[in-house]
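K.L.:
In the numbering used here, the protein residues as written are 239 to 532.
Virtual Cβ for every residue (Gly too), placed ideally from N, Cα, C.
Below is the structure:
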């Protein structure tokens with residue numbers, strides 16, 4: 239089971255933390271599936287299962303929309319990864335553990351400013367859907383991944399993957415990134431596109447202005463961009479961002495396996511009108527991967 243603890247992220251990203259947290263979740267799950275496949279194991283990941291169902295098999299103390307251990311910050315369970323076979327998360331609920339939260343530590347109380355409260359409330363809504371939805375077979379945004387889907391990667395590539403320094407990203411090389419784009423499109427189709435900043439300086443400047451303090455991305459050899467339409471509800475937001483993260487993760491590993499540099503960019507400001515590289519129409523950017531041949 240994978241849970242999110244938002245306090246540190248909200249300190250850095252403020253109201254933009256929710257997309258960053260969901261992208262991190264998607265990358266974490268994608269890395270587990272890639273590792274399982276490299277080891278010859280089958281794995282299945284599930285998203286959108288009510289957090290109470292995720293917490294029950296591990297006897298975790300679920301209370302008031304989150305897992306709450308005494309004296310600690312709340313955790314929001316949003317995904318489960320089954321190694322070797324599925325686990326039934328729809329059976330009877332385990333009896334209440336009887337554990338009740340105590341006062342949260344001072345560090346969490348200090349972080350409970352408006353952005354933190356807003357993001358925590360959103361995560362609670364994702365982890366604890368409305369009661370009528372809990373009875374549904376597939377809550378909005380629920381989805382699953384299999385380790386057999388998409389490209390496979392070697393254990394060496396998994397161990398070598400890292401966020402490359404910008405010096406390796408901006409090399410002025412004109413390279414072919416077809417394989418990297420194909421890896422992303424295996425998961426999101428045409429939502430993934432490739433932008434060459436030197437060939438499209440206006441689009442590159444627009445991205446630099448919205449990159450949360452990473453304007454050097456405009457000097458990258460190439461940028462893999464993942465777009466999405468606005469979501470109908472917050473549960474669909476979980477699907478949008480975790481799937482975008484899986485696509486970028488696959489592209490990242492593909493670049494790593496070829497000995498090339500890659501660096502994910504997850505935080506964007508007002509990125510709802512970035513021109514799509516393939517057709518020039520305004521589109522909503524949700525994730526990106528800076529690429530270089532350094």
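1. Would you give the residue range spanned by the alpha helix (DSSP H) that residue 493 belongs to?
2. Using C-beta distances below 7 Å, list every residue in its chain close to residue 389, excluding the 5 sequence neighbours before and after it, in chain order.
3. Can we say the segment 517-525 touches the segment 458-470, given the rule of at least three CB pairs closer than 8 Å?
4. My output table needs one value for residue 438: the three-state DSSP class, helix, strand or coil.
5. Between the C-alpha atoms of residue 384 and residue 288, what's the straight-line distance to the nearest angstrom?
6. Here's a check: name, in chain order, each residue in its chain whose Cβ is nearer than 6 Å to the Cβ of residue 253, leaving out the five neighbours to either side.
7. Can residue 521 be considered in contact with the ligand GTP, in the sense that its beta carbon sits closer than 7 Å to one or more heavy atoms?
8. On the three-pair Cβ rule with 8 Å, is the segment 472-487 touching the segment 259-268?
9. Please classify residue 418: does DSSP put it in a helix, a strand, or coil?
10. By the three-class DSSP mapping on this structure, what secondary structure does residue 522 have?
11. Does the segment 388-408 come close enough to the segment 299-310 that 3 or more CB-CB pairs lie under 8 Å?
12. Can you tell me where the alpha helix (DSSP H) holding residue 407 begins and where it ends?
13. Please report the straight-line C-alpha distance between residue 358 and residue 290, rounded to a whole angstrom.
14. Across the segment 447-467 and the segment 499-509, are there enough close Cβ pairs to call them in contact, namely three or more that are closer than 8 Å?
15. Does residue 473 pass the burial test, meaning 16 or more other C-beta atoms within 10 Å, or should it be called exposed?
16. Could you compute how far the alpha carbon of residue 363 sits from the alpha carbon of residue 245?
17. Kindly provide the ranges of any alpha helix (DSSP H) runs that are 4 or more residues long and lie completely inside the segment 239-288, ordered along the chain.
18. In angstroms with no decimal places, state the Cα-to-Cα distance between residue 281 and residue 240.
19. Assuming the contact rule is C-beta atoms closer than 8 Å, residue 285 and residue 380 should be a hit. Round their C-beta distance to whole Å, please.
20. Contact criterion: CB-CB distance below 8 Å. Does residue 315 meet it with respect to chain C?
21. Does DSSP put residue 290 in a helix, a strand or coil?
22. By the 10 Å Cβ neighbour count, where 16 or more other Cβ atoms means buried, how is residue 439 classified, buried or exposed?
23. Round the Cβ separation of residue 305 and residue 313 to the nearest angstrom and send it over; I've been treating them as touching at under 8 Å.
24. Give the DSSP-derived three-state secondary structure of residue 192 in the structure shown.
25. Anyone know if the C-beta pair for residue 497 and residue 409 falls short of 8 Å?
26. Hey, quick one: how far does the alpha helix (DSSP H) through residue 354 stretch, first residue to last?
27. Residue 433 by DSSP, collapsed to three states: which one?
P.N.:
This is what the structure holds:
1. Segment 472-495, the alpha helix (DSSP H) holding residue 493.
2. The beta carbon of residue 389 lies closer than 7 Å to those of 421, 424, 488 and 492 in the same chain, with the five residues before and after it left out.
3. Yes: the two stretches touch, three or more of their Cβ pairs being nearer than 8 Å.
4. In the structure shown, residue 438 sits in coil (DSSP, three-state: anything other than H, G, I, E or B).
5. Going by the C-alpha atoms only, they are around 20 Å apart.
6. Cβ neighbours of residue 253 beyond the five flanking positions: 353.
7. Among the ligands in the structure shown, none appear at all, so the ligand GTP cannot be discussed.
8. Under the Cβ criterion (8 Å, minimum of three pairs), the segment 472-487 counts as touching the segment 259-268.
9. Secondary structure of residue 418 (DSSP, three-state): helix.
10. Of the three classes helix, strand and coil, the one that applies to residue 522 here is strand, per DSSP.
11. Using a C-beta cut-off of 8 Å, the segment 299-310 makes no contact with the segment 388-408, since fewer than three inter-stretch Cβ pairs fall below that distance.
12. Its alpha helix (DSSP H) spans residues 404-407.
13. Roughly 16 Å between the two C-alpha positions.
14. Enough Cβ pairs lie closer than 8 Å, so yes.
15. Buried, because 16 or more other Cβ atoms sit within 10 Å of the Cβ of residue 473.
16. Put simply, the backbone Cα of residue 363 is about 17 Å away from that of residue 245.
17. Along the length of the segment 239-288, whole alpha helix (DSSP H) runs at least 4 residues long occupy 245-251 and 255-276, reported in chain order.
18. Here the alpha carbons of residue 240 and residue 281 stand approximately 14 Å from one another.
19. Contact holds; Cβ gap of about 6 Å.
20. Protein chain content of the structure displayed is limited to a single chain, and chain C is not contained in it.
21. When DSSP states are grouped into helix, strand and coil, residue 290 belongs to the helix group.
22. Taking all protein chains in view, the Cβ of residue 439 is surrounded by fewer than 16 other Cβ atoms within 10 Å, so the residue is classified as exposed.
23. By a beta-carbon distance limit of 8 Å, residue 305 contacts residue 313. Their separation comes to about 4 Å.
24. In this structure the chain extends from 239 to 532, so residue 192 is not present and cannot be described.
25. By the CB criterion at 8 Å, residue 497 and residue 409 fall outside the cutoff.
26. Counting along the chain, the unbroken alpha helix (DSSP H) around residue 354 starts and ends at 352-365.
27. In the structure shown, residue 433 adopts extended strand secondary structure according to DSSP, grouped into three states.
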